[in-house]
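What follows is a short report on a single structure.
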Amino acid sequence: MKRFFYKVERERERERERERERERERERERFEDVTRPLWSIHLYGNTSKLGDLRGDKALGDVTDMPKKKAIKAKKAKVSKSKKDGKQESKVDRESDLEKARSNAALWELRLQVTEQSLTQYRDSCRKLARANEELTTDLYRVEKDSVDTTWFFNKQDAAKEDKIRSLQETLKNQTAQARDREKQLISEYTQQLNEMKELFNKRSKDFNMIEEGMKRIKAFEIQKAQMEQEVADMRESMEKAEKKHREDLNNMEYTFFNEKTTKEGIMKKNAAQLSVQQEELSKLQSKVGSLEEALKQKDFQLKQEEERQKQMSVSAEAGQVELDKLQKVLVMRDKELAHIKRLAAVIVEQRTELEKFFHEALAEVKQEVMVSRSKYKKDAQQAYRWTMKEANGGKIKFPPIRNFHKIPHSTNSVYSDMEVKWTHQPGSKVRISDLTWEQKEDVLRHLFAKMNGQTERKTSQHLALSASPEKKNLNDSDAAGMKEKPSPATFITQPPEFTLPSNPGSLPHIHTA
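For the sequence shown, full-length UniProt numbering assigns the number 1 to the initial residue and increments by one for each residue that follows.
Quick look at the structure:
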């Protein structure tokens with residue numbers, strides 16, 4: 001503002017200087033117009049030519065020219081009087097009279113010119129006095145305005161400085177409160193994130209237990225197929241052994257029957273020759289005895305084979321019973337596996353929906369962040385332009401230079417105002433609706449990273465299924481009548497209830513935190 005008044009005052013002073021210069025030029029021209037006729041009379045000695053020579057230029061001061069002419073005339077008169085004497089006295093008198101007339105006319109004209117010039121000078125002095133008075137009045141008014149303006153701006157500056165000091169104190173207090181609140185929020189959110197992390201670890205352990213159970217069920221299916229193949233091979237070997245035993249027995253009976261028939265024919269034919277062949281008979285009896293012994297041994301072996309066959313049939317029946325039990329257990333495990341598969345499909349579907357929700361939320365938040373930042377940049381740029389316009393008009397001070405582009409080392413950029421900051425009051429609860437779009441984006445990214453960032457699985461603390469405890473538990477479960485009881489379970493997104501066997505050899509229950 002002071003600069004503006006100084007500029008106006010300087011322009012006015014220049015205008016006054018130009019006006020004074022023009023006034024001096026006009027005075028000089030008027031003086032030249034007045035002095036031109038005097039020079040013409042002095043040069044030509046005739047006043048009749050005064051009107052024709054008014055437009056000529058002035059050649060100097062005319063105040064001393066008539067005196068020189070008079071001195072020359074007197075000298076000429078004295079010289080002529082000495083030379084010519086009385087003869088030329090009449091001519092001299094006439095010339096002196098003519099010169100006196102011309103001098104009188106010249107002095108009269110000079111008097112008129114002087115009076116006219118004096119009148120003009122008086123008018124010029126009056127005009128200059130009036131102009132000087134007006135300028136003095138203007139100067140007083142401008143000085144008074146400048147003093148009032150200076151006093152007003154000094155008062156306004158003092159008020160602004162007081163306001164700035166109060167605002168700085170308020171800003172310091174708010175900054176301290178914001179720092180305390182930020183520390184408190186960081187601790188609260190850290191605790192919440194740790195709790196969510198522990199819950200996620202528990203859910204991950206439960207899911208790992210389910211996966212381990214599915215793996216064991218698959219291993220049991222493979223073992224069941226192997227056992228069924230072994231039972232089929234055992235049955236086939238038993239059938240082959242029984243068939244071979246029957247064939248051997250039939251062959252022995254056929255051989256014995258043939259030998260017996262042959263012996264009877266020989267005995268009938270040799271009845272007459274019994275006495276002759278008594279020795280042969282005794283031999284044959286001894287041979288028959290040995291054959292009977294062999295037959296007894298064969299019968300004993302046959303009985304042993306039958307007992308062995310009975311034992312094998314008993315063991316086959318026991319294997320069949322055990323196979324039936326295993327089939328029942330397999331059916332139960334198939335049901336459990338189908339339920340687990342359905343649960344896993346539901347969990348995968350819900351997790352997919354949750355991830356889709358998070359991605360859509362992130363995309364929406366990103367779009368809102370872009371819109372809000374663009375609007376903020378546009379409003380800030382308009383406000384800065386308005387402030388610069390007011391400052392150029394001299395109404396306010398020039399604001400600090402502000403940058404609206406992404407420059408690495410900018411100290412006052414509009415992008416620095418777009419950083420995420422907590423705006424809630426200390427001691428109040430954090431609400432999602434109170435957060436900015438940048439804060440919402442950070443929260444969503446942090447939660448999504450915490451959900452997907454847990455890659456390490458700890459399964460050493462879960463129960464393991466072994467072969468020997470499994471058989472024992474299967475027998476216990478068969479003795480108990482295959483009783484089942486419901487076991488509540490809660491997963492990440494939905495808490496469905498399902499049932500698992502109560503025996504310790506089956507899959508462990510999923511407990512919720």
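Heads up, the beta-carbon is just placed ideally off N, CA and C, and yes, glycines get one too.
Quiz prompt | Through-space distance from E198 to V369, alpha-carbon basis | solution = 32 Å
Quiz item: Whose CA, out of S290, A318, Q156 and E242, lies closest to the CA of I396?
Solution: Q156
Quiz item: Is it true that the CB of A391 sits closer than 8 Å to the CB of P400?
Solution: no
Self-check item: Sub-8 Å separation of I222 and R333 beta-carbons
Solution: no
Exercise. Tell me whether N250 sits in a helix, a strand or coil according to DSSP, three-state version.
Key: helix
Self-check item: Beta-carbon spacing of K224, M252 below 8 Å
Solution: no
Quiz item: How many Å lie between K183 and M196 at the Cα?
Solution: 20 Å
Exercise. Could you have a look at N412 and say whether DSSP puts it in helix, strand or coil?
Key: coil
Quiz item: Do M227 and M312 come within 8 Å of each other at the CB atom, strictly closer than that value?
Solution: no
Quiz item: Are the beta-carbon atoms belonging to V142 and E9 less than 8 Å from one another?
Solution: yes
Practice problem: Output yes or no for whether 8 Å exceeds the beta carbon distance between I340 and M214. | Solution: yes
Self-check item: Whole-number beta carbon distance between K377 and F404, since they are thought to touch under 8 Å
Solution: 6 Å
Quiz item: Do you know whose CA, among K389, K356, G393 and Q382, lies nearest L444's CA?
Solution: K356
Self-check item: Inter-residue spacing [alpha-carbon to alpha-carbon] between K260 and K303
Solution: 23 Å
Quiz prompt | Burial state of I164 (16 or more Cβ within 10 Å) | solution = exposed
Practice problem: Measure the CB-CB distance between K365 and E441 and report whether it falls below 8 Å. | Solution: This sequence places Val at residue 365; Lys is not what is there. The answer is yes: Cβ separation under 8 Å.
Self-check item: Those residues which DSSP pairs with N403 across a bridge
Solution: S413
Exercise. With DSSP collapsed to three states, give me the class of F398.
Key: coil
Practice problem: Take the Cβ of K99 as the centre, count every other Cβ of all protein chains shown within 10 Å, and call the residue buried at 16 or more, exposed below. | Solution: buried
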